[in-house]
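Worksheet: the structure to be examined is printed underneath.
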Amino acid sequence: MSILLKKPFARRDLLRGTVGGAAITVALPFLECFLDGHGEALASGAPLPVRFGTWFWSMGHTPNYAVAPDASSLAFLEECKSLTPHIKHINYFGQFNSPLDGRPNHVHHTGWVTCRTGTAPTLPGDIPAPTLDVIVADAIGGGTRFRSLDMTCTGNPRDTFTARNTHSRNPAEVSPAALYARIFGPEFADPNSADFKPDPELMLQKSVLSGITEQRQRFEKKLGAADKARLDEYFTSVRQLEDQLTLQQQKPAAADACTMPRAPEEGPLGYELPTVLANHNAMAKILALAVACNQTKVFNVAFSNALSSIRRPGTAYTHHTLTHEEAVDQKTGYQPEAFWFNCRVMEALSGFIDTFAAVKEGAGTLLDNMMIFAHAETSYAKIHAVDNIPVMTIGRAGGRIKTGKHIVGNGDPISRIGLTAMQVMGLPVEKWGTGSLQTSKTVTEILA
Numbered sequence: 001m002s003i004l005l006k007k008p009f010a011r012r013d014l015l016r017g018t019v020g021g022a023a024i025t026v027a028l029p030f031l032e033c034f035l036d037g038h039g040e041a042l043a044s045g046a047p048l049p050v051r052f053g054t055w056f057w058s059m060g061h062t063p064n065y066a067v068a069p070d071a072s073s074l075a076f077l078e079e080c081k082s083l084t085p086h087i088k089h090i091n092y093f094g095q096f097n098s099p100l101d102g103r104p105n106h107v108h109h110t111g112w113v114t115c116r117t118g119t120a121p122t123l124p125g126d127i128p129a130p131t132l133d134v135i136v137a138d139a140i141g142g143g144t145r146f147r148s149l150d151m152t153c154t155g156n157p158r159d160t161f162t163a164r165n166t167h168s169r170n171p172a173e174v175s176p177a178a179l180y181a182r183i184f185g186p187e188f189a190d191p192n193s194a195d196f197k198p199d200p201e202l203m204l205q206k207s208v209l210s211g212i213t214e215q216r217q218r219f220e221k222k223l224g225a226a227d228k229a230r231l232d233e234y235f236t237s238v239r240q241l242e243d244q245l246t247l248q249q250q251k252p253a254a255a256d257a258c259t260m261p262r263a264p265e266e267g268p269l270g271y272e273l274p275t276v277l278a279n280h281n282a283m284a285k286i287l288a289l290a291v292a293c294n295q296t297k298v299f300n301v302a303f304s305n306a307l308s309s310i311r312r313p314g315t316a317y318t319h320h321t322l323t324h325e326e327a328v329d330q331k332t333g334y335q336p337e338a339f340w341f342n343c344r345v346m347e348a349l350s351g352f353i354d355t356f357a358a359v360k361e362g363a364g365t366l367l368d369n370m371m372i373f374a375h376a377e378t379s380y381a382k383i384h385a386v387d388n389i390p391v392m393t394i395g396r397a398g399g400r401i402k403t404g405k406h407i408v409g410n411g412d413p414i415s416r417i418g419l420t421a422m423q424v425m426g427l428p429v430e431k432w433g434t435g436s437l438q439t440s441k442t443v444t445e446i447l448a
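Following the working numbering, the numbering of the sequence shown begins with 1 at its first residue and continues without gaps.
Here's what the structure looks like:
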């Protein structure tokens with residue numbers, strides 16, 4: 001006797017039919033029958049999508065007031081106490097160094113570049129290699145509408161820390177309203193809507209781009225090696241645009257966590273702290289739903305610029321100038337106003353974590369299915385130190401990492417953290433960095 005087993009549903013199953021003689025398909029959302037018994041993976045065994053993001057702040061930490069030195073467990077001190085409710089989601093990395101191999105420390109630049117590229121810059125403004133978010137986006141970002149979404153809370157699109165090289169720095173969205181319009185404007189296709197029609201105008205754009213392929217190939221034959229390399233870099237962007245337009249002609253996969261946010265009103269831009277906080281909070285909410293709606297798998301958020309020009313309303317002193325010019329309080333051992341700003345920055349990061357943790361996905365939250373790589377550009381701003389730059393990973397990356405750990409590097413190169421992050425995201429990277437920053441040593445303590 002044979003037993004007929006019912007074939008399980010797969011995530012890619014579609015509802016198929018015909019309308020007016022034309023075949024139609026409608027994708028299904030993340031229903032329980034598509035998930036495993038724990039709601040942590042698809043029934044086929046494939047995991048829920050894992051996303052990668054970065055969050056940048058400047059001026060580092062106040063020494064001895066951020067994290068307890070004991071490496072046996074993670075404990076946040078006064079400056080970072082707002083992060084305490086999120087300890088179970090965070091790994092903190094301390095005492096990792098940035099050896100420069102004799103190159104100068106270009107203040108408020110060298111630190112973030114070594115952290116994100118694994119290479120010390122030679123000149124001010126130099127970005128000698130792709131930042132790790134670009135490498136991750138090249139690997140996992142092609143299947144979404146936006147390869148990455150980049151934003152800054154300062155109102156200046158140049159305040160961004162993502163780049164392919166010195167001459168190809170990714171500009172950032174500065175306005176929550178503009179970010180909303182870009183993601184959820186007329187070109188947005190609701191992944192949970194059964195009504196989908198390709199935009200003829202977008203189809204025409206793709207046709208125009210595709211139409212230059214043969215001409216480009218003939219032109220390349222006449223170029224030298226250097227010009228071919230430059231042209232290939234240019235057309236990489238063109239190919240990415242073609243891929244994006246192709247995706248926009250297809251019915252997007254349904255996403256149960258996807259809901260349309262309300263459009264924000266236009267507000268002020270600039271470096272005053274209340275403005276920065278308001279724009280940060282608004283963009284965080286838009287970004288979380290953009291990720292939940294499968295619009296992107298990679299993002300970059302800059303809370304401040306590298307010099308932290310953030311200031312209180314009605315004052316002339318910025319966060320940056322305070323770190324150098326404010327007197328140290330003899331009782332506490334720190335600069336009170338600079339310390340106050342540092343506390344506000346960590347509160348903003350805590351709110352950012354709250355936003356992603358509030359979006360339910362599967363049996364957990366959006367935060368469970370992502371890794372946020374958060375870091376500064378210096379450890380102690382008063383002396384422009386580039387050793388012991390604070391780095392955190394936030395989120396469980398779909399269960400790929402353990403969290404709640406304080407990892408002490410004991411002087412190892414900071415590039416170990418970036419290498420580990422890329423490997424966690426599934427990239428086949430065995431070593432990363434150059435010179436003394438080159439490493440093949442993964443931070444295995446956080447690997448699940």
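Just so it is clear, CB atoms sit at the ideal spot from N, CA and C, and this is done for glycine as well. Note that the coordinates shown come from a computational prediction; the quantities given were computed from them, not determined experimentally.
Limits of the alpha helix (DSSP H) - the one that residue i falls within
i: Met346; result: Pro336 to Ala357
i: Trp112; result: Thr110 to Thr117
i: Asp133; result: Leu132 to Ile140
i: Phe184; result: Pro176 to Phe184
i: Ala290; result: Leu273 to Ala292
i: Leu322; result: His319 to Glu325
Pair within 7 angstroms by beta-carbon distance, residue i and residue j
i: Thr152; j: Ala282; result: no
i: Phe146; j: Gln295; result: yes
i: Gly143; j: Ala376; result: no
i: Thr162; j: Asp133; result: yes
i: Asn64; j: Thr393; result: no
i: Leu269; j: Gly404; result: no
i: Ile286; j: Leu447; result: no
i: Thr119; j: Asn300; result: no
i: Thr62; j: Val386; result: no
i: Val50; j: Asn369; result: yes
Pick from the options that is closest to residue i, judged by C-alpha positions
i: Tyr380; options: Phe339, Tyr180, Leu100 and His406; result: Phe339
i: Arg182; options: Pro264, Leu447 and Lys360; result: Pro264
i: Leu277; options: Gln217, Ser175, Ala306 and Asp138; result: Ser175
i: His108; options: Pro69, Thr154, Asn156 and Ile383; result: Ile383
i: Leu322; options: Gln330, Ala178, Leu307 and Ser98; result: Leu307
i: Thr528; options: Gly185, Leu123 and Gly141; result: Nothing about residue 528 can be reported from this structure: the residues present for the chain run from 1 to 448 only.
i: Phe56; options: Gly411, Glu266 and Leu349; result: Leu349
i: Asp101; options: Glu337, His89, Asn91 and Thr114; result: Thr114
i: Glu445; options: Leu48, Met370 and Ala71; result: Ala71
i: Gly399; options: Leu83, Lys88 and Gly141; result: Lys88
i: Thr434; options: Ala129, Gly409, His86 and Thr332; result: Ala129
i: His86; options: Arg218, Met346, Asp227 and Val50; result: Met346
i: Val391; options: Ser58, Glu361 and Leu48; result: Ser58
i: Ala66; options: Gly94, Pro49, Val50 and Thr315; result: Gly94
Sequence-distant residues of its chain with Cβ nearer than 8 angstroms to residue i (five each side left out)
i: Val311; result: This sequence places Arg at residue 311; Val is not what is there. Around Arg311: Tyr271, Glu272, Leu273, Tyr317, Thr318 and His319.
i: Ala288; result: Thr355, Phe356, Ala358, Val359 and Leu366
i: Lys431; result: Leu419, Gln438, Thr439 and Ser440
i: Pro171; result: Asp150, Pro157, Arg158 and Thr160
i: Glu465; result: Because the chain is modelled from 1 through 448, residue 465 falls outside the range shown and cannot be assessed.
i: Glu500; result: In this structure the chain extends from 1 to 448, so residue 500 is not present and cannot be described.
i: Ser449; result: No statement about residue 449 is possible, as the shown extent of the chain runs from 1 to 448 and does not include it.
Extent of the continuous beta strand (DSSP E) to which residue i belongs
i: Val409; result: The amino acid occupying residue 409 in the given sequence is Gly; Val does not appear at that position. It is not in any beta strand (DSSP E) - Gly409 carries neither H nor E in the DSSP assignment.
i: Arg51; result: Arg51 to Phe56
i: Ala163; result: Ala163 to Asn165
i: Gly418; result: Unbroken run through Gly418 is the alpha helix (DSSP H), Ser415 to Val424; no beta strand (DSSP E).
i: Thr442; result: It is not in any beta strand (DSSP E) - Thr442 carries neither H nor E in the DSSP assignment.
i: Thr152; result: Leu149 to Thr152
i: Asn91; result: Ile90 to Gly94
i: His86; result: Taken as a continuous stretch (DSSP letters only), His86 belongs to no beta strand (DSSP E), as it is neither H nor E.
i: Phe373; result: Met370 to His375
i: Phe146; result: From DSSP, Phe146 is part of no beta strand (DSSP E); its letter is neither H nor E.
i: Phe299; result: Val298 to Ala302
i: Thr122; result: Unbroken run through Thr122: none, as it is neither H nor E.
i: Ile394; result: Val391 to Ile394
Cut-off 7 angstroms between Cβ atoms - residues of its own chain near residue i, not counting five sequence neighbours on either side
i: Val443; result: Ile407, Arg416, Ile417 and Thr420
i: Val136; result: Phe52, Val298, Met422, Met425 and Leu427
i: Cys343; result: Glu79
i: Ala290; result: Leu149, Ile183 and Thr296
i: His106; result: Pro121 and Pro124
i: Ser436; result: Pro99, Asp101 and Pro413
i: Arg164; result: Pro130 and Val134
i: Ala68; result: Ala75 and Leu77
i: Val429; result: Leu419, Met422 and Gln423
i: His280; result: Cys153, Phe303 and Ala348
Contacting residues, own chain, Cβ-Cβ under 6 angstroms from residue i (five flanking each side not counted)
i: Ala23; result: Bear in mind that the predicted position of Ala23 carries a pLDDT of just 43, short of 50, making it too unreliable to give a figure here.
i: Glu32; result: Low confidence applies to Glu32: its pLDDT is 47, below 50, so where it sits in the model is not reliable, and the reading given next is rough at best. Around Glu32: no qualifying Cβ.
i: Asp159; result: Thr152, Ala302 and Asn305
i: Phe341; result: His319
i: Val328; result: Gln335
i: Trp112; result: Phe161 and Glu377
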